[in-house]
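Quick notes on the structure that follows.
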Amino acid sequence: MISYYDISMPLRCLVILCLFLLVCVGGYLVAPIFRRNTLCSKLLLSLSVIVCVIPMMIYVAEARAILRQLQIPSISLWLCRQSLMIPVIIILFVTVYYGCLIRQEQQFRSNTITRSSIREGVDQITSGLCFYVEGGRLILSNSRMNELCHAIVGRDLQNAELFWQILSGGEVSPLVERLSYGRHPNFRLENGRVWTFSREKLDGFIQLTAADTTLQQALTDELRDKNLDLAAMNLRLRKYGENVDELARSKERLETKVRIHGELGQSLLAARRYLVDPKAQEPPLDIWRQNIAMLRKEMEAKKAEDPLPILKKAAASAGVELVIRGELPDDHEYRQFFLIAASEALINAVFHGDAKTLYIDLRDTDTHRSMQFTNDGAKPTQPITEGGGLSSLRHKAENNGFAMTVESTPQFVLTIADRRE
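The numbering used here numbers the first residue of the sequence shown as 5 and each following residue consecutively.
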C-alpha cells in the first residue's frame with residue numbers, strides 16, 4: 005500500500021495544490037450557499053471545506069519540516085503514512101460536490117433576476133441609460149451611456165448632473181457636432197451616428213436616456229432639403245407665371261399689331277386702287293371709317309370668319325387676281341393664320357412689286373403642310389430686309405410652330421411650313 009510519505013516531493017506538492025484550490029472554491033461558494041440554501045447544504049459545504057483544510061495543513065507542515073530539517077510531529081507523521089487513497093478520495097469527492105454546486109448556482113442565476121442579471125440586461129440595451137440622484141451621484145449606468153459620455157465630453161461618466169449640464173449647453177469635444185440645445189439636445193458623433201438625450205425625474209431618482217436618432221435625423225435633413233428645393237421651385241414657378249403673363253400680353257399686342265397692319269394694308273390697297281382708277285369703284289370711305297374706329301379702340305375685333313372670302317375681297321379691292329392651288333385645311337387656327345400670312349403677301353406684292361397676280365400654293369399631307377406665296381410683280385433688285393410686317397409675321401409663325409423663309413432670287417417667294425417638313 006502506497007502512502008503519502010512514499011511518493012516524491014513534486015507529487016506531494018500537487019496534492020497540496022489540489023487541496024488548496026478546493027479550499028478556495030469552497031470559500032467562493034460560501035456566500036451564495038449560505039444566503040439561499042438549507043441548513044443541510046450549509047453543513048455539507050462546511051464539512052467539505054474542513055475535510056480539505058485539515059490534510060492540507062498537515063501536509064504543508066510536513067513539507068515545511070522536511071525543508072527546514074525539523075522534527076515532524078507524530079500526528080503528521082502518522083497521517084502521512086496512511087494510504088494515499090484517502091487524500092485522493094477526498095479530492096475527488098469534494099471536486100464532484102463543488103461541480104454540482106457550481107452548476108446549481110449557474111442554473112439559479114440564469115433563471116433568477118439578480119443584481120448581476122440586471123446589470124447585464126441594462127448593458128445589453130442599445131440605448132444609453134443612466135439613473136442618479138440629486139447632485140449627480142450615479143446609481144446605475146450602462147456601458148452605452150459611458151461610451152457616449154467619453155465620446156462627447158472626453159472623459160468617463162462620474163457626475164451625471166454635470167454631464168447633463170454640458171449636454172444642455174456646455175462645451176463638447178471638437179470631434180462632435182451639436183445639432184440642437186434645450187430639453188432634447190442632439191449630437192452627431194465622429195462615426196456619423198446621431199444621438200438625442202432626454203432627462204426625467206422618477207420618484208426621487210433622475211433618469212438620463214440617450215436614443216439613436218440617426219435615421220430620423222437623416223429624414224429630417226432630407227425633408228429640409230426637399231423644402232428648400234420646393235421653395236426654389238415655387239420661386240421659379242412664380243417667375244414663370246410672371247413670364248407667362250408677360251408673354252400673353254406680348255402675344256395680344258402682337259396680334260393687335262398684325263390686325264392693325266392688315267386692316268391698314270387693305271385700306272391702303274383700296275385707296276391706291278381708287279387713286280389709280282377712280283371709275284373702277286366707289287371711294288373706300290367705309291373702310292377708312294372702320295380703321296379710324298379701330299385705332300380709337302371703338303371697334304371690337306372681328307369675329308372669326310372664313311378667310312378665303314375676306315382675302316378675295318381684299319385682293320379685288322387692290323386689283324389683284326388670286327390663283328390658289330391646293331386645298332386649305334379645315335383647322336380653324338391654321339385658316340386664321342393663313343389669312344394673316346396671305347394679307348401680308350398681298351400687301352408686299354402690291355406695294356413692292358406692283359403685282360397683278362398673287363399665286364398661293366397650299367400643301368397638306370400626313371407628314372407636313374405648308375403655304376407658299378409668289379407674284380408676277382417686279383423682281384427684287386437687292387436682298388429683302390424684313391420690316392414690321394414680315395418680322396411680326398415671322399414671330400407669329402414661330403410661336404405657332406412654323407418655320408418661315410423669305411427668298412428674293414430669282415423672284416420673291418414667301419414660304420411658311422410646318423417644322424416637321
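Cβ atoms here follow ideal geometry from the backbone N, Cα and C, with glycine treated the same way.
Under the three-state reduction of DSSP, Gln-75 is assigned to coil, being neither helix nor strand.
Per DSSP, reduced to three states, the secondary structure at Gln-376 is strand. DSSP, reduced to helix, strand and coil, places Asn-146 outside both helices and strands of the structure shown, so it counts as coil.
For Lys-230, the number of other beta carbons within 10 angstroms of its own is below 16, and it is reported as exposed. Arg-197 and Gln-169 have their alpha carbons spaced roughly 21 angstroms apart. For Arg-182, the enclosing beta strand (DSSP E) stretches over residues 181–184. Residues of the same chain with a CB within less than 6 angstroms of the CB of Cys-22, apart from the 5 flanking positions on each side, are Ile-95 in chain order. For the segment 38–99, the continuous alpha helix (DSSP H) assignments of 4+ residues that do not extend past its boundaries occur at 43–72, 78–84, in sequence order. Per DSSP, Asn-190 is one residue of the beta strand (DSSP E) stretching across 190–192. In this structure, DSSP gives Gly-139 a state outside helix and strand, which the three-state scheme calls coil.
Taking C-beta atoms as the reference points, Leu-18 and Val-98 fail to come closer than 9 angstroms. Within its own chain, the residues whose Cβ lies closer than 7 angstroms to the Cβ of Asn-404, once the five positions on either side in sequence are excluded, are Phe-341, listed in chain order. By the Cβ neighbour-count rule, Leu-343 is buried, with 16 or more other Cβ atoms within 10 Å of its own.
DSSP places Thr-200 in the strand class (E or B) of the three-state scheme. The beta carbon of Arg-85 lies closer than 6 angstroms to those of Ser-7, Tyr-9 in the same chain, with the five residues before and after it left out. Under the DSSP assignment, Arg-329 falls in the beta strand (DSSP E) whose first and last residues are 325–329.
The Cβ atoms of Leu-223 and Phe-201 lie no closer than 9 angstroms to each other. Of the residues Leu-161, Phe-135, Gln-220, Cys-56, the one whose Cα lies closest to the Cα of Ile-93 is Cys-56. The segment 358–376 makes no contact with the segment 391–400: fewer than 3 CB pairs, one atom from each, lie closer than 8 angstroms.
The three-state reading of DSSP puts Arg-123 in helix, counting H, G and I together. Each residue's CA atom was taken as its position, placing Ala-359 and Arg-373 some 26 angstroms apart. DSSP, reduced to helix, strand and coil, places Gln-211 within a strand of the structure shown. In this structure, the straight-line span from the alpha carbon of Trp-199 to that of Ser-131 is close to 9 angstroms. Under the three-state reduction of DSSP output, Ser-396 falls in the helix class. When the alpha-carbon of Pro-91 is set against those of Ala-320, Ile-62, Ser-114, the nearest one is in Ile-62. Nearest neighbour of Ala-319 by Cα position, chosen from Ala-349, Ala-382, Ala-407, turns out to be Ala-349. In this structure, Leu-315 lies away from Ala-353, with their beta-carbon atoms at least 9 angstroms apart. Comparing alpha-carbon positions, the option among Ala-67, Ser-50, Pro-14 lying closest to Gly-31 turns out to be Ser-50. For Lys-360, the secondary structure class from DSSP, reduced to helix, strand or coil, is coil.
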